[in-house]
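Add 17 to a position in the sequence shown, counting from 1, and you land on the number used in this note's numbering.
Even glycine gets a Cβ: it sits at the ideal position worked out from N, Cα and C.
As the structure is a computational prediction, the values presented were derived from the model and not from experiment.
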Amino acid sequence: MAQTDIVLVSLGSTTGLRAADDEFAGALRRAGATVEMARAEPPPEGLRTLALVDLAWAYAARKALLAAGDARAVVYSTTTAGLLATTPAAVRFDALSAVNRPGRHGIWQRPVERRQLQQAPLVLPWSEQSMEGAPEDARERAIVVPVPVAGSGAPAATRDVAAVTYAASPEKKGLDRVLRAFAAVRREGEDLLVAGADPEVLPTLPDGVRSVGRLPRDEYRALLRRARVFVTAPRREDYGIAQLEALADGCRLVTTPAPGPYAALPIARELDPRYVAEDDAGLARAIRAALDDDGERYAAAAYEALAPFAPAAVDALVAERVLPLLLR
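Dropping the structure here:
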């Protein structure tokens, strides 16, 4: 049996990470590589600290790699997946422990991650912002490979949904701020739909707001094609794939700035700075302005801004630059 080219060690601790790993593996395969996905099994729930949670995930990732076949190259998806690695390997990530595990939360992860990045033959951040906190020498071996994003289909004939928000983690995504701002400017007949979270974990929703729960991916993207506005107020954003998908499906993006490598934020500022709000009062004004805007310019500009994220562009990058370095 021929040796596999690449084992991709997938932490897969969130839906977004799993989808991103599938996309990256697909790009490698389209470039001609054979790829085996080594998926970590989720550790037990109830671990009390992030330091312990990360240790459990790192152990699960190491176990998944040991169960995989031999390969010419290994890519760890997230630095956490490679924290217990015994051999330097390429690493792909959306954010680093150096910035999202402050203080005691990353007491052991940060120094191990730093050594990992210094030794990695290839560093594959999702965005330029993802390199925040990385050692300087790692930047010399970095190639930004975004998660591909494209429109999911033709826009609905009528955008009959006023606004959508995604609240897989209500606190982190700032759902409370979104609800207050929307309530302040909502007009009769305008609804905000909350996706990505089970209704039982949500607070009591005010008039004009309803939960649609965890929709299948195709149904969720169809909902975006019906929506005029996508609104979010994250307290931290490690990438912002939901925001990028909303832009790709023609929504106007209303957001607040947030710490973290928020790839959609500079795009939002460029498209229309009125829709990037600094506080709750500004968020309400931004929602109202976006709801009242019925022009076509925004969607056309968003399409151009997302050109580097297009699947064909990402495939070309992987084939021409990434794969040759992985297999050299």
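Would the segment 264 to 272 and the segment 297 to 311 be scored as touching if the rule is three or more Cβ pairs under 8 Å? The segment 264 to 272 and the segment 297 to 311 touch, with no fewer than 3 CB-CB distances between them shorter than 8 Å.
Using the Cβ count rule (16 or more neighbours within 10 Å means buried), how would you classify Asp38? Here the question's residue 38 lines up with position 21 in the sequence shown. So Asp38 ends up on the buried side.
When burial is assigned at 16 or more other CB atoms within 10 Å of the CB, is Thr97 buried or exposed? The residue you call residue 97 lines up with position 80 of the sequence shown. By the neighbour-count rule (16 or more Cβ atoms within 10 Å), Thr97 is buried.
Rounded to whole angstroms, what is the Cα-Cα separation between Pro152 and Asp309? Looking up residue 152 in the sequence shown gives position 135. Looking up residue 309 in the sequence shown gives position 292. One C-alpha to the other measures close to 45 Å.
From the DSSP output, read off the bridge partner residues of Ile23. The sequence position of residue 23 within the sequence shown is 6, counting from 1. Val52, Ala90.
Whole-number beta carbon distance between Ala115 and Ser147, since they are thought to touch under 8 Å: Your numbering for residue 147 matches position 130 in the sequence shown. Your numbering for residue 115 matches position 98 in the sequence shown. 11 Å between Cβ atoms; not a contact.
In chain order, what residues of the same chain have a beta carbon less than 8 Å from the beta carbon of Ala90, not counting five sequence neighbours either side? Along the sequence shown, read from residue 1 onward, the residue named residue 90 stands at position 73. If we look at Ala90 and ignore the five residues flanking it on each side, its Cβ neighbours are Asp22, Ile23, Val24, Ala106, Ala107, Leu343, Leu344.
Integer Cβ distance of Ala347 from Arg176, believed to fall under 8 Å: Because the chain in this structure spans residues 18 to 345, residue 347 falls outside the shown range and cannot be described.
Alpha-carbon to alpha-carbon, Ala259 and Thr32: What you label residue 32 is simply residue 15 of the sequence shown in a count that begins at 1. What you label residue 259 is simply residue 242 of the sequence shown in a count that begins at 1. Going from the Cα of Thr32 to the Cα of Ala259 covers about 11 Å.
If we count Cβ pairs, one from each stretch, closer than 8 Å, do we get three or more for the segment 322 to 335 versus the segment 155 to 170? Yes, the segment 322 to 335 is in contact with the segment 155 to 170.
Given Val211 as reference, the closest of Arg253, Leu241, Arg118 once Cα atoms are compared: Here residue 211 refers to the residue found at position 194 when the sequence shown is read from its first residue. When only C-alpha atoms are compared, the closest one is Leu241.
C-beta atoms of Val246 and Ala179 nearer than 8 Å: Indexing the sequence shown from 1 puts residue 246 at position 229. Indexing the sequence shown from 1 puts residue 179 at position 162. Their beta carbons are under 8 Å apart, which means Val246 touches Ala179 by this criterion.
Is Lys80 buried or exposed, if buried means 16 or more other CB atoms sit within 10 Å of its CB? Looking up residue 80 in the sequence shown gives position 63. Its Cβ having fewer than 16 others within 10 Å, Lys80 is exposed.
For Arg118, does the count of other Cβ atoms within 10 angstroms reach 16, so buried, or fall short, so exposed? One-based indexing of the sequence shown puts residue 118 at position 101. The residue is buried, with at least 16 neighbouring Cβ atoms inside 10 Å.
Have a look at Val129, Arg127, Pro128, Glu157 and flag the residue whose alpha-carbon is nearest the alpha-carbon of Leu141. By one-based count along the sequence shown, residue 141 stands at place 124. The option with the nearest alpha carbon to Leu141 is Glu157.
Taking only three categories from DSSP, how would you classify Ser147? For this step, residue 147 is matched to residue 130 along the sequence shown. Here Ser147 sits in helix by DSSP.
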